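Novice:
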Amino acid sequence: MEEKRDDRFPTEHVKLLVEGTISWEDAKKAMRLRPKDKDRFWKYLEVLQQRVPWKDKILLRISDHLYIVAKPDAKRVVKCDCGHEFGDYRVNWKLSCRIRVRRTVEEMTEVSGIEEATLDPSLVELREYYCPGCLAQLATEAVPVGYPPIVEMLPDLDTFYREWLGKPLPDERPDWFQNRTLEAPARWVEEG
Amino acid sequence: MTKKVEQGYQIAQDAGGSMTDTFLVDRDGRFTTGKFLSNHIDEKISYLGSLQDAARRWGLTSAQVHQEAVSSTYTGTAMVNILVTRGGSKVGLLITRGFGDMPIQERGLTWLGQSYEDILHQQLHEHTPWMVQPENIREVTERITVGSYYSQHHLPAGTVVIPLVEADVVKGVNDLLGNGVEVIGILTLASYANPAHEKRMAEIAREIVKQRGLDVPVVASYEMCSVPNENERLKTLLIQCYTAEMARRQYFSVEDAARKEGFKHELLTLLAYGGAATIRYPKLAEAAISGPTGGLLGGKFMADFLRQPNLVCWDLGCTTCDVGLIAGGLLPVNKEPEFSGHRLRMPMIAIDSIGAGCSHVVHVEPVTRRITIGPDSVRDALGTIYASNEITIGDIDMVLRYLDPNYYLGGTIKINRDRAEQELTKRVAKPLGQDVYSVSSKILDLLHAKVADHISGVLLSRGLNPADFTLLVYGAAGPTHLWGLTRALDFHDVIVTPWAAVFSAFGVCAADYFHRYDKAVTFFLAPQMDDGTKLYMGSAVSQAWEEMEQRGLAELEAEGIPRDQVTFRHGFTGRYIGQMSGWEIPSSLARVQTLTDLDTIVAEFEKAYTNIYPAGARFPDSGYQITEVYVDAVARKPKPVIPSYKLHGKEPPKKAYKGRRDAYMDGGWIPFDLWEQDLLEAGNRIDGPAIIEHTMTTTVIPPQNYVDFDEHRFIWYKKK
Amino acid sequence: MGICYQGKPLKEAVAEKEGIFKETGYAYGLKEIKLVESDPAKFMRFQMRLVASCIGAREMAKLISANPMSLIQGELLFMLATPEGDVVSASYGLAGHVQAFPFMVRAIANLGFEEDPGITAGDVFFNNDALYGAPHNADCYNFVPIFYKDELIGWTVGLNHIVDVGGLQPGGLGTISPSVFTDGFTVPPTKVGANFKTHKWWELHWKRRTRTEVFNILDDKMRTAGSVALHNRVLEVVEEFGVDYFRQGIKEIIERERRVLIERIKTMAVPGMYNYLHMNMVNYKGIVGKLFAASNRDWFMHQPAEMHILPDGRIHADLEGLTSEDEFHCNGYEPALRMLTSLGCWPMFAYTQTLNTALQYMTSWNIPPGSLFNPQNPFAGTVMSLMQVGKYIWMYQNCLSLSFFSRGYLEECFPQDPAGVGYGLAGVMKDGFRWAGGDMTLITCWASGATPFKDGDPASVCSPNPAADQGEAELAEFLQPTNLNIGRTLIPNYCGHGKFRGGLGTGICQMIMDPGQSLIAAVMGATSGQGRCALGMSGGYPGLSDVVYFAHDTNIRDILKEGKPYPTDFVEIGQWLKDGRLKAGSVEVFRGSSPNVPLKDGDLMACASGARMGWGDPIERRYGLAEKDVHYGWITPQAAKSIYGVLTDTKGQVKVAESDALRADIRKVRKEKSLDAKDWWKQEREKVLAKEFSENVRSMYTDCLKWPKFRREFMGMWQLPEDYKV
């Protein structure tokens, strides 16, 4: 199936969708596709790969700026479109960001615009995660002090490529689908 | 044949999305029909073209017809097109302070007209394009009470709580005129309960417009509809402001064209609730959705003519599948009709559209084996048989050979049956592991069941039974599918008119000349009330009726109809106190003056209610409420007469026979006799399996059925 | 001799249904769906017949209702279920309830209803008890068995959301109730009628136990009338297709629809693990006093979810770490959780003309006993369980949005966060007349959140009511004459900000008018304290909190006498109070629910909700969009500057060069004000070690750290000593 192009939603439209400039009429067409275009993922990767300034192979896009890419040495790392790398995708990439915490009503109202509807600082802080490379805001969290940074997504890449796409990855391994986030603080505590 | 005419012709035209149909009647009621491609930019072209086409059949010119015509009724597409092309007037709006965002929020009804699947798929919700720009909205400080369910215990309806701040109005109007608006709309909350503020605002606005020497119409919502629900009132007001004056210009251009050819009267148009009115009628927004109304008026005419008060009117066309209901000889009225994504507050003849026309798309999900029809339609592209890549019902009709590829619209367009068969095989039959013909015919069953379920749903929700109804079939594709529908649902009788394809135009011609007026009233009949209070309540209804009668007489007089020629129909919307919705009921009384009158009203309500609901659903303990009353002010207008023909024998004339064609039905190919409809005569009987062809329609008759042509050449579809 | 097929007792039938799915993984063990495969078109016709029957019943019955929520805001539903309780088709309306009814049938089966009171043709049953499957007692179910000859072949069900449940607080959405005894009118499964009509005594209960008798009685009549009409329609369908086809067909519907849903997930999603978190305050302290000592405290609710999209396309959610059950109004049971969360599935992958219970067969939950949604106290209060279970609607929408985003189906991304403010009123008018009412304007219609390719829209969607609808202010006043509407506005800046922003939320503003002897309002707000959601999408910010704003003893009446304007939303009230244009004796502001608040003439009550989340980094917003925002007054110039890094001139035009520079500065500021992750970690760790928590946060951690999984993550992240206690 995948080899054959599904022309009902062409790559040009995928591109506009990614850029956020697609016309509402075309967007509705995409929503109403029955069944969906099965080759969308491949068109998507094609579009994304053209947009990034680097050559590493994109395995999956996990946020506006972030991708899981395959590195030559059988590594799979998180990479920003600016080129900055966040390391092994099994460790929460937030622990490789620059982090700003807004703790007062004033600081928070700066980005909410309405004081009465702003977070209660006695309950939560507002965390902003930036890319160390381009300082794009990659994520926000409104959580109590001391709340572990949340792992937003850990894809089961091998299952995805082998069983759902029918195109197994060359470097399959049983331990790819593991949350290794806690290795970071463990290392930090050793480093002191 | 040419004809000598003393008294004059009646012209009726229904301009649809693609074709403009003419129905032309002479003084003896004989008629002919015409068609012409609709011209949405300049409607007078299609008006004259279509009339010309009809006149030609009598060897006349449109000018000759116009010179001898007594009336011309025209339903245009102007308003729809103004909305679609967003080419309406520049509107200014004055509205109660705090409600200026109403036109943007539009109550959150972002899903009107969507299929339920799309409604759940909320990504697809969307607001309608603005009819008024936010820059041209001004808010005015004021508030009046709407009255309440607890009215005996709290403020009465129409109490001024926050007085109108006239300075706001003056400033607002000047701002708007400064912005160059072409029309000003005015809406305040509760204006139906007390229009004082809207009235005053309109006065001020008109005064300022005059002072500034401008020609800017000012419309207040209570003038459009004096009934509750501010959002619906606003939409009605905005449709009027945004489209009416523009549309009127189109109508005038049509009228000028007719006048130039010697037409001596005012052009008439059709209003949503089925009345005809001159194009100078102020509340022209009421003509916005007259399109499908024509068919039902035709139905009403047939119901009276055939003395069959219960009629299901089914119009199956390329893109439409409309169902309307005439019960007890009454046209059903929907007071909150929807019109291209807007919910309005104006009476409209109730018609339900189902996504099941011939151009509706057939979807198949191979993995899960789901088959669905619509909601999308390819419209004039028809399907893979013609100019589309989607598989449609039309494709199936062609593949199963109910239709003749070489005789589609009399052979005027080229049909590719083979392609349709290939696509159906490739995209439906193969994936489902089914035989292409058998799965195709079962998809038709699906379509027929969909329509049948809808019709029985409509009947059931009014406590009615299909067996008491006659099915009236029209629209280009109706006769092709009636066999399927009548298998899924048992009707008392089934009838097709020989002019099925232009039936709507016929209906336009059959329309009464009348205006309808609606008004909200405060009327409670609580159990504990004393007789004095009850009678006082009754007088409120009488007053409202009288007020509307006067308005009707005045307006009709202004349109040249003497008061002594005007008659009235009265009615009210009743419910048990506490209920949210009411039921519209025609009243046998024109005034409510005695306790007996009140009993009559209550009895009429109870009768209507228990027709629909089990006795267990009655709730007299809570008392009765009347929320709205209406008056129809009716004037006489010439009607078409259905001609009678000499009855011939059951045996159809040889010349009408066109040979045989195998068509697929009930799991096999059956040889169908082919007949030419125009050559069949009154009194003929055609036994199934047979297909009766006509340039505009095709009637399919299975082996188990036959049809009779009666003395009017109406086609009665029967079981053997 | 049981009433089910081949004389099987109902209890056995239900147990068998559940067993065979566990064994085989197919609904009713249907590895093959013969009717579907042999003749898909005929089967589709069968299925659509059943759907049409439900819709027909709804259209017929809904008009009886006295309840604006039912009629205008679609809060009602009619359904057809298998004998075992799986819903095979449903009308339009409160779609989620197709998930709850199976639990109700299981309940009456296990309660031995078959023997006593017996289940026979013409019976009418009622339930609104959460312990037995009703989400909460405002959702009332009337259901009627369908018998063919002597065999139970299905159930027809009518359900709607009533205005008042006769609880501690007026309305149906009370947010103060320590136990089931204060929840109000809660009726376990009961036979309330025979011969297809309810008994007269049943009306008395509505009359005596709820505040809005007429509305509730008419609603009850509506539910019964619709169920009975549907019952009769279904029997016609049985005649048409034959009872054997029907019996098999309704089971195949469930299994086929299960496959439809699995297929959609496998097509659009990416398997793996996703996380979601919502937190909000529940405030009782100082409200219930000594009378309910155990409830005289506040709770900071912790609602995490680890959502797995499994290799076979099923979805599993692990709620370990969830706040414990307690003596408040918002405990819930699995039916409520499944019912309400399914609302997050409809837009994402379960949209279909043919609503049914299939979701039951492809979603699963781990809900630890003793947690909020698995209370061990049979008398746990549940009157507003929906408040908390509802938060998981957005687990589906936000986690799946990220998943669809990764797969490339951006058009299906539809992240949202909690919304909805509604209130109940109860009062005594001048003449001593007692009345009550409620309003749903901001519950049945919200703005939508931003997506990866466009802004959200104002007033356009609603999870509990797919046919979003604010209703009419004129109708609201007809039912609540004391609350004069003086504003229903879009509030500037009131949205979650981002590269694409959420739609602006709506505020309603009311002036209290001639309340008479007394009037209290109890307001339910979906958010509080924490805001809408813990996570923004892709660097966008979560939506802004609901706001409930009371200004008491104002001089508004005098202001109006002078012909001056009135404020139209809470922001204006706040500003006017600051600049003295308005005076108030006292002001109460809640970021969500309020307790019972007494109101007097001239008080102002302003609620706002629906300010949904943004998507992406705000300083990447296209100038064109920002310019439009400022032009229409949707975003103030100050907010455009501080949030979006956009400078506009007096004409509202974007000053491009200056804005480019400003955005560069904002990046600099980000660099200055942020820490490298490791340094931040050290800093945060110190706080944790020093236990620098506010009281509410401390009690939240104390409660949640007893769950091993959450404790593991917390201890591991901060590398804490084994004996660490909060």
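Protein chains in written order, with the working numbering: chain A, 1111 to 1302; chain B, 8 to 727; chain C, 8 to 733.
Even glycine gets a Cβ: it sits at the ideal position worked out from N, Cα and C.
Please read all numbers here as calculations on a predicted model, not as lab measurements.
Sort E23(C), G609(C), G723(C) and T451(C) by Cα distance to R490(C) and report the nearest one.
Specialist: Note that residue 490(C) corresponds to Asn in the displayed sequence, not to Arg. When each option's Cα is compared against that of N490(C), the closest is G609(C).
Novice: Given 8 Å as the limit, is there contact between the region 171-190 of chain C and the region 384-396 of chain C, that is, 3 or more CB pairs closer than that?
Specialist: yes
Novice: Kindly indicate which three-state DSSP category P124(C) falls into: helix, strand or coil?
Specialist: helix
Novice: Assuming contact is defined by CB atoms lying nearer than 9 Å, are E1226(A) and V131(C) in contact in what I supplied?
Specialist: no
Novice: Helix, strand or coil for K644(B), going by three-state DSSP, please let me know.
Specialist: coil
Novice: Give every residue of the same chain whose Cβ lies closer than 7 Å to the Cβ of R113(C), excluding the five residues on either side of it in the sequence, and list them in chain order.
Specialist: For R113(C), where only same-chain residues beyond five positions count, the Cβ hits under 7 Å are V21 and G92.
Novice: Does the Cβ-Cβ distance between I1168(A) and Q1159(A) come in under 9 Å?
Specialist: yes
Novice: Given that a residue counts as buried once 16 or more other Cβ atoms are within 10 Å of its Cβ, and exposed if not, what is D673(B)?
Specialist: exposed
Novice: Please give the ranges of any alpha helix (DSSP H) in the region 550-624 of chain C, keeping only runs that are unbroken, at least 4 residues long and fully inside the region.
Specialist: 563-568 and 577-586
Novice: When you compare the CB of A618(C) with every CB in chain A, is at least one pair closer than 9 Å?
Specialist: yes
Novice: If the criterion is Cβ atoms closer than 9 Å, does the pair K207(C) and V235(C) meet it?
Specialist: no
Novice: Touch check for the region 597-616 of chain C and the region 535-554 of chain C: three-plus C-beta pairs under 8 Å?
Specialist: yes
Novice: Would DSSP call H1123(A) helix, strand or coil?
Specialist: helix
Novice: Using only alpha-carbon positions, find the residue among T458(C), G514(C) and E481(C) that is nearest to G427(C).
Specialist: By alpha-carbon distance to G427(C), the top candidate from T458(C), G514(C) and E481(C) is G514(C).
Novice: Just the C-alpha distance for V180(B) and G107(B), rounded to the nearest angstrom, thanks.
Specialist: 15 Å
Novice: How about D525(B) and E688(B): are their beta carbons less than 9 Å apart?
Specialist: no
Novice: Which residues bound the alpha helix (DSSP H) around V72(B)?
Specialist: S69 to Q74
Novice: May I ask you to report which of helix, strand or coil DSSP gives E1112(A)?
Specialist: In this prediction, E1112(A) has a pLDDT of 42, which is less than 50 and means its spatial position is unreliable; what the coordinates show is noted afterwards. Under the three-state reduction of DSSP output, E1112(A) falls in the coil class, being neither helix nor strand.
Novice: With I722(B) and T706(B) assumed to form a contact (beta carbons below 8 Å), what rounded beta-carbon distance in angstroms separates them?
Specialist: 7 Å
Novice: Name the residues in the region 344-372 of chain B whose C-beta lies less than 8 Å from a C-beta of chain A; which are they?
Specialist: H370 and E372
Novice: What do you reckon, are the CB atoms on P710(B) and C516(B) nearer than 9 Å?
Specialist: no
Novice: Are V267(C) and Y430(C) close, meaning C-beta to C-beta below 9 Å?
Specialist: no
Novice: Can you name the residues of chain C whose CB is closer than 7 Å to the CB of L1279(A)?
Specialist: The contacting residues do not exist; L1279(A) stays about 13 Å from chain C at best.
Novice: Which partner residues does R737(B) have in the DSSP bridge list?
Specialist: There is simply no residue 737(B) to check, as chain B begins at 8 and stops at 727 in what is shown.
Novice: Does any CB atom of chain C fall closer than 9 Å to the CB of W1298(A)?
Specialist: yes
Novice: Any heavy atom of the ligand PLP closer than 8 Å to the CB of G445(C)?
Specialist: With respect to the ligand PLP, the structure offers nothing, as it holds no ligand at all.
Novice: Taking DSSP as the reference, what is the three-state secondary structure of S360(B)?
Specialist: Strand.
Novice: Could you list which residues in chain B have their beta carbon closer than 9 Å to that of P465(C), in chain order?
Specialist: D108, I111, Q112, G115 and H134
Novice: Decide if the region 1144-1153 of chain A is in contact with the region 1246-1264 of chain A; the criterion is three or more beta carbon pairs, one per stretch, under 8 Å apart.
Specialist: Two segments are said to touch when three or more pairs of C-beta atoms, one from each, lie closer than 8 Å; by this definition the region 1144-1153 of chain A does not touch the region 1246-1264 of chain A.
Novice: Comparing the C-beta of G1130(A) with each C-beta of chain C, is any distance below 9 Å?
Specialist: Closer than 9 Å: yes.
Novice: Confirm, please, whether the CB-CB distance from P342(C) to G140(C) is below 9 Å.
Specialist: yes
Novice: For a contact meaning CB atoms closer than 7 Å, what does I650(C) contact in chain A?
Specialist: V1221 and G1223
Novice: Note down the Cα distance separating V446(B) from L492(B), rounded to an integer number of angstroms.
Specialist: 18 Å
Novice: Could you check whether V172(C) and Y148(C) sit closer than 9 Å to each other, using their CB atoms as the reference points?
Specialist: no
Novice: Near R668(B), which residues of its chain fall below 8 Å by C-beta distance, leaving aside the five closest residues on each side in sequence?
Specialist: R408, D411, P678, F679, L681 and I698
Novice: Tell me where the beta strand (DSSP E) around W676(B) begins and ends.
Specialist: G675 to E683
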